[in-house]
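The opening position of the sequence shown corresponds to residue -5 in our numbering, with each subsequent residue numbered one higher.
Report on the following structure.
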Amino acid sequence: MDYNTLLDLATDLGYELAMSGAETFRVEESISRVLAAYGVEAEVFAIPNCLTVSIITEEGHPITRMRRIGHHGNDLDAVEQFSGLSRALCRRKPGPGEGLQWLDTVRSQRKTYSRAALYLGDFLGAAGFGMLFGGSLMDGLCAGICGMLVGMVNKLLDDRKANQFFRTIASSFLMALLAYAMGAAGIAQNPDTVSIGALMILVPGLLFTNAMRDIIYGDTNSGVNRIVQVFLVAAAIALGTATAWSLSARLWGIPTSNGVIGYSLFFQCLFALAGCAGFAILFNIHGPGGILCALGGVLSWIVYYIALKFGNSDIPAYFWSALFSSVYSEIMARIRKYPAISYLVVSIFPLIPGAGVYYTMNYAVKGEMELFASTGMHTAAIAGIMAVGILLGSTVFRMHSDWKKHKSLST
């Protein structure tokens, strides 16, 4: 056995998964399964910025590979492709050299959307959620334009290797300033919903979802690391939009917004579908998977709507909807043999309290500290109860899978 080549294969596979945005447990389990398929036990340790894999040869010699995980995007199609490769390697067990060739083939055949398609994703994501949160059709168009601005600024700064915190501040500042300018010019009726819709592009949905799933599987270090990143991004969003609000108040007067529009469930579902379709593009999900992800977002919103109609307050409604999203993603993952994260991260997006983050910041800038505290606590409660729903759904399916595995081994 060529242990060095085999270790290179497993480590490279884990590295590609991590760089594509996979959860920590998926990275570790994929590496361990591949090496176990070749009869080699491994010690694998992964955190969001580092991967270490160690094995011991038949002669008793330890071999270790270490990789630093640098800045990476949200390429869920790549997560699906590399996860499929890990299953193929375990099933067919080619020679390590041939396995590396398979890995190179998967790398070269990765699908990506064009820049124009990504800007379309920015537009749909921002416009859909801008109207879902009560904006008019014109507000939705304005939100879409602001979302495209966010995408352009992010791309420009990413090409220049700017860190995520600075990119988020710059994007949220320029986006919110444009939204308030549209409101001052009378183009947008509700610049608040315009800003909220466009801010959804910056919300770290995959980070939040991966953090919850890491905690589920006992990867507490990784989970806490990702949660800290989520808080930093939220702080950057608040800082950027707060600065824009203060500047616009000096330039055009204090921004004002009309009341939100109460749409029927049909139109709410239509807006949720458009928004989730945009995020399916941004997360690089292709084919039927993108449709199923967007459909999951619509169904999650319907569950939330029904829960409210049955007399629940919004906190229990968020719980039931998040639980449904978790169960839906696990079911789709088992039916289509793809990672659950692809379905969960998009289907949960209509529930992410972007409006709560925005209004919490807005009250702080205005000096309305009681509203700031109450809105901030309510937003934190929503995020917490969503995490509980995700944890519960994923844990039940995990326990069921472990029970089936144990049963098959005992028989």
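C-beta: ideal position from N, C-alpha, C; glycine also.
Note that this is a predicted model, so its numbers are computed, not measured.
(request) Compare the Cα-Cα distances from residue 202 to each of 308, 227, 175, 303 and report the closest residue. (result) Cα-wise, what sits closest to residue 202 is 227.
(message) Taking its Cβ as the centre, do 16 or more other Cβ atoms sit within 10 Å of residue 147, making it buried, or is it exposed?
(response) By the neighbour-count definition (other C-beta atoms within 10 Å, threshold 16), residue 147 is a buried residue.
(request) Please work out which residues of its chain come closer than 6 angstroms, Cβ to Cβ, to residue 288, disregarding the five sequence neighbours upstream and downstream, and give them in chain order. (result) Around residue 288: 267, 270, 271, 274.
(request) Quick one: give me the first and last residue of the alpha helix (DSSP H) that residue 142 is part of. (result) 131 to 153 is the extent of the alpha helix (DSSP H) around residue 142.
(message) For residue 73, which residues in the same chain have their Cβ closer than 8 angstroms to its Cβ, ignoring the five residues on either side in sequence?
(response) Once the five neighbours on either side are set aside, the close Cβ partners of residue 73 are 11, 14, 15, 16, 20, 333, 335, 336.
(message) At the level of alpha carbons, what is the spacing between residue 371 and residue 313?
(response) Rounded to whole angstroms, the gap between the alpha carbons of residue 371 and residue 313 is 16 angstroms.
(request) Return the Cβ separation of residue 214 and residue 167 in integer angstroms, given the expectation that the two are a contact with Cβ distance under 8 angstroms. (result) Between residue 214 and residue 167, the beta carbon gap of about 34 angstroms keeps them out of contact (Cβ cut-off 8 angstroms).
(request) With DSSP collapsed to three states, give me the class of residue 34. (result) Coil, per DSSP.
(request) Provide the residue span of the alpha helix (DSSP H) that contains residue 340, from first to last. (result) From DSSP, the alpha helix (DSSP H) with residue 340 extends over 334 to 341.
(request) Could you work out which residue in 188, 36, 212, 223 is closest to residue 198 when comparing CA atoms only? (result) If you compare the alpha carbons of 188, 36, 212, 223 with that of residue 198, the shortest gap goes to 223.
(message) For the structure I just gave you, are there three or more beta carbon pairs, one from the segment 169 to 183 and one from the segment 237 to 249, closer than 8 angstroms?
(response) Of all C-beta pairs linking the segment 169 to 183 to the segment 237 to 249, three or more are shorter than 8 angstroms, placing the two stretches in contact.
(request) Answer yes or no: the CB of residue 56 versus the heavy atoms of the ligand MN, is any distance below 7 angstroms? (result) Among the components of this structure there are no ligands whatsoever, and the ligand MN is therefore not found.
(request) Could you tell me the boundaries of the beta strand (DSSP E) in which residue 218 lies? (result) Counted as a single uninterrupted DSSP element, the stretch harbouring residue 218 is not any beta strand (DSSP E) but the alpha helix (DSSP H) occupying residues 214 to 246.
(request) Please name the residue in 305, 127, 285, 389 whose C-alpha comes closest to that of residue 346. (result) Looking only at 305, 127, 285, 389, the smallest Cα-Cα distance to residue 346 is reached by 127.
(message) What does the alpha-carbon distance come out to for the pair residue 180 and residue 186?
(response) In a straight line, the C-alpha of residue 180 is about 13 angstroms away from that of residue 186.
(message) For a quick check, are the C-beta atoms of residue 7 and residue 28 less than 8 angstroms apart?
(response) Cβ atoms of residue 7 and residue 28: closer than 8 angstroms.
(request) Have a look at residue 277 and residue 208 and give me their C-alpha separation to the nearest angstrom. (result) The straight-line gap separating the alpha-carbon atoms of residue 277 and residue 208 is approximately 19 angstroms.
(message) For residue 170, which residues in the same chain have their Cβ closer than 6 angstroms to its Cβ, ignoring the five residues on either side in sequence?
(response) The residues are 189, 235, 238.
(message) In whole angstroms, give me the CA-to-CA distance for residue 362 and residue 392.
(response) C-alpha separation (whole angstroms): 45 angstroms.
(request) Determine the burial state of residue 182: buried for a count of at least 16 other Cβ atoms within 10 Å of its Cβ, exposed for fewer. (result) The Cβ neighbour count for residue 182, taken over all protein chains shown within 10 Å, is at least 16; the residue is labelled buried.
(message) Within a Cβ cutoff of 8 angstroms, which residues of the same chain sit near residue 354, ignoring the five residues on either side of it in sequence?
(response) Only 232, 366, 369, 370, 373 meet the Cβ criterion.
(request) Within 10 angstroms of the Cβ of residue 88, are there 16 or more other Cβ atoms? Answer buried if so, exposed if not. (result) It counts as exposed.
(request) Starting from residue 45, follow the beta strand (DSSP E) in both directions and report where the run begins and ends. (result) Start and end: 44 to 50.
(request) Quick one: grab the DSSP three-state call for residue 392. (result) Here DSSP, grouped into helix, strand and coil, assigns residue 392 to helix.
(message) Going by C-alpha to C-alpha distance, which of 134, 102, 338, 109 sits closest to residue 192?
(response) Across the set 134, 102, 338, 109, the C-alpha of 134 shows the shortest separation from the C-alpha of residue 192.
(request) Note down the Cα distance separating residue 100 from residue 360, rounded to an integer number of angstroms. (result) Taken atom to atom, the span from the alpha-carbon of residue 100 to that of residue 360 is near 52 angstroms.
(request) Going by DSSP, name the residue or residues bridged to residue 349. (result) Under the DSSP definition of a beta bridge, residue 349 lacks any partner.
(request) For residue 246, count neighbouring Cβ atoms within 10 angstroms of its own Cβ and tell me buried if that reaches 16, exposed if not. (result) Burial call: exposed.
(request) Buried or exposed for residue 301, please, with buried defined as at least 16 other CB atoms from any protein chain shown within 10 angstroms of its CB. (result) Buried.
(message) Assuming the contact rule is C-beta atoms closer than 8 angstroms, residue 26 and residue 40 should be a hit. Round their C-beta distance to whole Å, please.
(response) At roughly 11 angstroms, the Cβ-Cβ gap does not stay under 8 angstroms, so residue 26 and residue 40 are not in contact.
(message) Restricting to Cα atoms, I'd like to know which of 18, -2, 24, 352 is closest to residue 427.
(response) Only positions -5 to 405 of the chain appear in this structure, which leaves residue 427 out of reach.
(message) Please return the same chain residues whose Cβ sits closer than 8 angstroms to the Cβ of residue 105, not counting the five positions on each side in sequence.
(response) So the list reads 71, 278, 280, once near-sequence residues are dropped.
(message) For a test of the three-state rule: what should DSSP assign to residue 106, helix, strand or coil?
(response) If DSSP states are grouped into helix, strand and coil, residue 106 belongs with coil.
(message) Taking its Cβ as the centre, do 16 or more other Cβ atoms sit within 10 Å of residue 86, making it buried, or is it exposed?
(response) Exposed is the call here.
(message) Quick check on residue 249: buried or exposed, where buried means 16 or more other Cβ atoms within 10 Å of its Cβ?
(response) Label assigned to residue 249: buried.
(message) Quick check on residue 56: does DSSP put it in helix, strand or coil?
(response) Here residue 56 sits in strand by DSSP.
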